[in-house]
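The opening residue of the sequence shown carries number 53 in the working numbering; numbering runs sequentially from there. Here is the structure we will look at, set down as structure tokens.
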Amino acid sequence: MAVVPKTWPNPQGVSFTNRLSYADPQLQTQHQLPSAWRPLVTKQQGEKLKQLAARPTSSPPTAQTRARARLATELQRCRTVITLPPCPNPAVAIRTIVDRTHPACGEYGLFATRPLTPGTLLLVYQGRVTHYDEADPQSDYVLGLDATEWFRLAQRLATVTGQPSTELVPLRLAIDAATVGNEARFINDYRGIAAQPNVEFADFLHEATGTVNMGVWVQHHPIAAGQELLVNYGKSFWKSRQKET
């Protein structure tokens, strides 16, 4: 049973969870990177690609060298996630916003309880998983998750390293935290609050399970204790809301 954060707001009528739930049980199996591809995203493979990318090349670099460099960067990022962050995470707290100039005054926001370092994975976005085209268009808490890109990455790795590949299975998912989720659902958009966001949503591969997840990452600058975490919801979010109004 999940331990509910002390700052979880009861009036929301939203259940706390520390894991994804699936509308269709088959989605849980489909959501995992095929086991045959997981060795391609190990530390050893990442080091090999980094070495390939670092070799002296002609100027300008060849397309293959650029591809290797991109793969090394992606692989380096995914394998930095050795363990998932705690959920709930004591580094953040949900608080009621009392600043009258804040666009979400009287509602909730997510705040840092300690200094946060750039590049830190703070939270994994939790909620109910559906196929992307089955997501609720009225929900403000839906994030798209395209596992297909990770499958393609594994295929490209197989090509570069000479490893066997398997057939690509396209998979676009949506995670909806409207009725069940964790602290990540309380992160506000930066517009009207700050000049720019200080965290971002970005997917990553959890090596142990082979599951593609959506994480909340600290951006390029440190975040001070007490500072609100702010993200960019994206233009598509605001365009859809303008159509509704």
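Ideal Cβ positions, reconstructed from N, Cα and C, are used throughout, including at glycine.
Query                                                                                                                                                                       : Result
According to DSSP, simplified to helix, strand and coil, what is L223?                                                                                                      : coil
Quick test of your reading: G179 and G262, contact by CB under 8 angstroms. State the CB separation rounded to the nearest angstrom.                                        : About 20 angstroms; that fails the 8 angstroms criterion.
Out of A226, H83, R224 and P138, which has the shortest C-alpha to C-alpha gap to P57?                                                                                      : P138
Based on DSSP bridge pairs, tell me the residues matched to T182.                                                                                                           : A226
In this structure, how does DSSP classify V133 when only helix, strand and coil are distinguished?                                                                          : Unreliable placement is indicated for V133, whose pLDDT of 44 sits below 50; the coordinate value is still reported in the next sentence. V133: coil per DSSP, three-state reduction.
Beta carbon of F256, beta carbon of N250: below 8 angstroms?                                                                                                                : no
Please classify G267 as buried or exposed, where buried requires at least 16 other C-beta atoms within 10 Å of its C-beta.                                                  : buried
Per DSSP, L168 forms a beta bridge with which residues?                                                                                                                     : I275
For Y184, I'd like the list of residues in its chain whose CB is within less than 7 angstroms of its CB, leaving aside the five on either flank, ordered along the chain.   : G196, R224, L225 and A226
DSSP state of T231, grouped into three classes?                                                                                                                             : coil
With respect to the alpha helix (DSSP H) encompassing T81, which residues constitute its N-terminal and C-terminal limits?                                                  : P77 to Q82
Could you check whether G161 and E280 sit closer than 8 angstroms to each other, using their CB atoms as the reference points?                                              : yes
Taking just the CA atoms, how far does A229 sit from G65?                                                                                                                   : 12 angstroms
Terminal residues of the continuous beta strand (DSSP E) containing N265?                                                                                                   : T263 to V270
In angstroms, rounded to a whole number, what distance separates the CA positions of W269 and A254?                                                                         : 7 angstroms
Where R243 and W202 are concerned, what is the direct C-alpha to C-alpha distance, given to the nearest angstrom?                                                           : 30 angstroms
May I have the straight-line CA-CA distance separating S191 from N240, to the nearest angstrom?                                                                             : 15 angstroms
Specify, as a first and last residue, the run of the beta strand (DSSP E) that L195 falls within.                                                                           : V194 to D198
Count the other C-beta atoms from every protein chain shown that fall within 10 angstroms of the C-beta of E55, then say buried if there are 16 or more, exposed otherwise. : Rather than Glu, the amino acid found at residue 55 in this sequence is Val. Exposed, because fewer than 16 other Cβ atoms sit within 10 Å of the Cβ of V55.
Beta-carbon within less than 7 angstroms of A187's beta-carbon, same chain only, minus the 5 sequence neighbours each way: which residues are those?                        : V194, A226 and D228
Just to confirm before moving on: does the CB-CB distance between H258 and L79 stay below 8 angstroms?                                                                      : no
Return helix, strand or coil for E159, following the three-state DSSP convention.                                                                                           : coil
How many whole angstroms separate the CB atoms of F163 and V176, which I take to be in contact at a CB cut-off of 8 angstroms?                                              : 19 angstroms between Cβ atoms; not a contact.
Using CA atoms only, rank isn't needed, just tell me which of I275, P274 and I245 is closest to N284.                                                                       : I245
Just to check my reading of the structure: A277 and T165 have Cβ atoms closer than 8 angstroms, yes? What is that Cβ distance to the nearest angstrom?                      : 6 angstroms
Relative to the C-alpha of L272, which residue among L72, T172, V181 and Q82 is closest?                                                                                    : Note that residue 272 corresponds to His in the displayed sequence, not to Leu. Of the listed residues, the one whose Cα sits closest to H272 is T172.
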